[in-house]
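Accompanying notes for the structure given below.
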Amino acid sequence: MVKKTPDSEARILVAHTPDSAISSLFLQNHLEKESWLGRSAQVWQMIGQCNRLLMRASEEKTLLQDLCRTIVETGGYQMAWIGFSVSDERKKARRYSQMGFEAGYPENAHSVWTNSKQVNNPVLTALRTHKPAIVQDILSPEKSSTWESKPTEKEFGAAISLPLVYNSQAFGILNVYASQSKAFNPEETKLLIQLADDCSYGIHSLRPRLSQHRVLGQFNTSGSYFQALIQNASDIIMVLDVAGYITFVSTSVQRILGYAPEELIGKDSALYLHPEDDRVIKTVLQSPSGQENINPGNTETRMRHVNSSWLYFDCTVNNQLLDPDIKGLVLTLHDITLHKLAQAKLQKQQKEHQIMFDAVPAMIVFKDASNRILRANKLAASFYGIAREELEGKSLYTLNPAEASRYHQEDLEIISSGIPRLNETEQVKFADGEIRWIQTDKIPFYDEERKAGAIIIFSHEITAHKKLEDALIETLDELKQKNFELDNYFYKVSHDIRAPLCTILGLTNLMKLEKDIAGNEVYIGLIEKSIHKLDSFIQTILNHSRMLNTSTHIQSIDFQQIITQCLNEFTYLPQFFRLKTQIQLHSSNKFYNDASQIAIIFRHLILNALKFMDVRREENLLEVDITITGNKAYISVEDNGIGIQKQYIGKIFDMFFKATDVSDGAGLGLYIVKQTVDKMGGSISVKSKSGKGTVFKIILFNLQGV
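Take the sequence shown: its letters are residues 11 to 716, numbered as in my numbering.
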């Protein structure tokens, strides 16, 4: 293939569909078509420039160098050289001019024309047959052996040898080299044959012209030689006088525009030049006489066809107003209508496809193997924070240097293996600085030879989906924990209900066996104790259920009354009367919240102080301090009981956790306190020292006006 240029690069993407293979196939088929449209425009431009060189040439060596340079620089080929036959006993074809990459190609390299061992040499074949000879893969063993100087992979991939023929005689050769194999398709070969024909005529015609110049100007430039050259030129040659009227036009005008030359002679050129395109010509014609040496050079113009349509031309304007023989502007008009139509079609297709790509709700990027972005849609451009036109053509090493190497390595692995990577998720930083989640599909792109040389990337932002997914996972984890707790809950509930019932049942059986009625009083006391235990447990379960299911009822809170009622519920406990309770309330305003939930909190904290009382002390204390300031109530409940060992502090609010066997409770009390405080939107903390006592700190919000 030839060197890549902006016109020849494949820069197209497809919308992301569930079937990535269909998307990729569509992209590849269209890419080939679009690539040739751009490539043909480049070759036509090269031919036009070469024809202008042939028309204006005044020295053969310079012409040959300029032709080779134009073929390489404008045509995008790797190297070009022109050689002529050498009439000696070996009949060699020797290079006279070359341009382009020449590493390892000797300056004196030549090919034997006939009677050579290298019978398959493409140069010799073209000269012998008068037809082009093409080598589509120079590096293949059977082809590389036909070259006297073997190229390397870094130099040439394909070559075409085009004979220069005049009057049925091959007098020279034009060799063109491409960097990649299979570069010369049938359409491009036809255009190169046309170029070789133009070069053959131009070079052969230049030689007698130069000879005539050397013979003391025996032939005037207005003579029959140049008339013949101009009349046989493929381009239109037109001369305008100082008023813009046509004084001469070549016969090619009839083939191209449909007018006979005599129809145009003496007519105003403005009748045929497009009014929007004759600015350059008018500038020269209307300039002061002192500036008549202005030479505007090349421009693009349109001319009216005999059928009233407009054809496009690459126009070279040569100011000859000061030439006494011409006294006018010489226009060389090269027809580029097909090129312009192909270019317009390509631009229309690109615009249509870009609209389609921009409508896709995904970021689409097409990158080559060098980590350069060839095509992108609007969403992809917004990711980088620049316009799409500015994004295309940039390297990722410029756009995202921190991650460019990692992405490039991944891309190269996909290109080399041909295996796509689908549904990959990662967090990325967008242009606005926000970190978001995206899901990406990376698919290798195959050229017409089924070789992967680029990569198509589809990326969807899935931040919202990821958050939902994370929330779902969190919910599932919570449900698992709840199910585990529920299993434990039912097990403990059934166990703690059955234990006192079994005790009561056993004592009842003993009473039946007891003959002394007075002895039954002991059993009755034990039964009563078991019933109180069962009642306390059932009350705990009811409090838990009430806390979970009862809606909040906001009312003015009387802390003194709630605490007193909770204390009265435990008068049946033997140790109750050992507990000395002190309540201090500091309040500057009323406090509003749910009284039933506050009662649950105090009920279990008081019971906790009773159960874990240190009976060895002379005095057992429970101090409750409540301070209401602003919108919060700060509650402190402190006892001087047995305390909690340090290693258990972090677990005391867990369901069914018991830090000691001193009490026969179910391990639900402090769990219910924590759940109730959380439900009320408050907070609870605990400080304790084994053998010293425990203090609970609670903060609740004042819901006045809620």
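Each residue gets a CB set at the ideal place from its N, CA and C atoms; glycine is no exception. Just so we're clear, the structure is a prediction, and the values are computed from it rather than from any experiment.
Per DSSP, the continuous beta strand (DSSP E) segment holding HIS596 begins and ends at 589–597. Within the DSSP secondary-structure output, THR637 pairs in a beta bridge with HIS596, TYR644. About 7 Å separates the Cβ atoms of GLN204 and ILE57, confirming a contact at the 8 Å cut-off. Per DSSP, the beta bridge partners of HIS344 are ASP324.
Rounded to whole angstroms, the gap between the alpha carbons of LEU77 and CYS60 is 6 Å.
Spatial neighbours of ARG382 in its own chain (CB-CB distance under 6 Å, excluding positions within 5 residues in sequence) are listed in chain order as SER405. DSSP places PRO173 in the strand class (E or B) of the three-state scheme. Partner residues in the beta bridge of SER566, as assigned by DSSP, are TYR602.
With distances taken between CA atoms, ILE652 lies nearest to ARG626 out of MET665, ARG626, PHE666, GLU633.
Annotated three-state conformation of LEU617 is helix, per DSSP.
By the Cβ criterion, the segment 350–359 is not in contact with the segment 247–259, since fewer than three pairs of Cβ atoms, one from each stretch, lie closer than 8 Å. Per DSSP, ILE654 is not a residue of any beta strand (DSSP E), being assigned neither H nor E. A contact is defined here as three or more CB-CB pairs under 8 Å, and the segment 568–578 fails this definition with respect to the segment 521–541. When rounded, the separation of the alpha-carbon atoms in ASN641 and ARG398 is 55 Å.
Closest by C-alpha distance to SER260, out of HIS344, ARG460, ALA180, GLN190, is HIS344. Listed in chain order, the non-local C-beta contacts of PRO510 below 6 Å within the same chain comprise SER540, LYS543, LEU544, local neighbours out to five positions each way being set aside.
Apart from sequence neighbours up to five positions away, the residues of its chain that approach ALA669 with a beta-carbon distance below 8 Å are ILE654, GLN655, TYR658, LYS661, ILE662, ordered along the chain.
The straight-line gap separating the alpha-carbon atoms of SER150 and GLN359 is approximately 37 Å. The beta carbon of LEU281 is closer than 8 Å to those of ARG314 in its chain, skipping five residues each way along the sequence. Looking at the DSSP output, ILE247 sits in a beta bridge with THR342. Under the three-state reduction of DSSP output, ILE148 falls in the coil class, being neither helix nor strand. DSSP places GLN359 within a helical segment (H, G or I) once states are collapsed to three. By a beta-carbon distance limit of 8 Å, LEU631 contacts GLN592. Their separation comes to about 7 Å. Distances from the alpha-carbon of ASN329 to those of VAL340, PRO271, HIS214 put VAL340 closest.
Between the beta-carbon of PRO142 and that of LEU174 there is about 11 Å, and that puts the pair past the 8 Å contact cut. Exclusion of the five residues before and after ASP624 leaves GLY651, ILE652 as the residues of its chain whose Cβ lies within less than 6 Å of its Cβ.
The bridge partners DSSP lists for LYS707 are SER646, SER695.
Straight across, the Cα-Cα distance linking GLN437 with TYR456 is about 29 Å. Check the Cα spacing between ARG79 and each of ALA90, TYR187, GLU69: the tightest is with ALA90. Pairing ALA619 with ASP649 gives a Cβ-Cβ distance under 7 Å.
Segment contact: the segment 261–271 against the segment 361–368, fewer than three CB-CB distances shorter than 8 Å; contact not assigned. The DSSP assignment places complete beta strand (DSSP E) segments of no fewer than 3 residues inside the segment 251–287 at 256–259, in order along the chain. With fewer than 16 other Cβ atoms inside 10 Å of its own Cβ, TYR582 counts as exposed. For CYS512, the number of other beta carbons within 10 angstroms of its own is below 16, and it is reported as exposed.
If you look at HIS315, you'll find it isn't in any alpha helix (DSSP H); DSSP assigns it neither H nor E. ASN329 carries a strand assignment under DSSP once its states are collapsed to helix, strand and coil.
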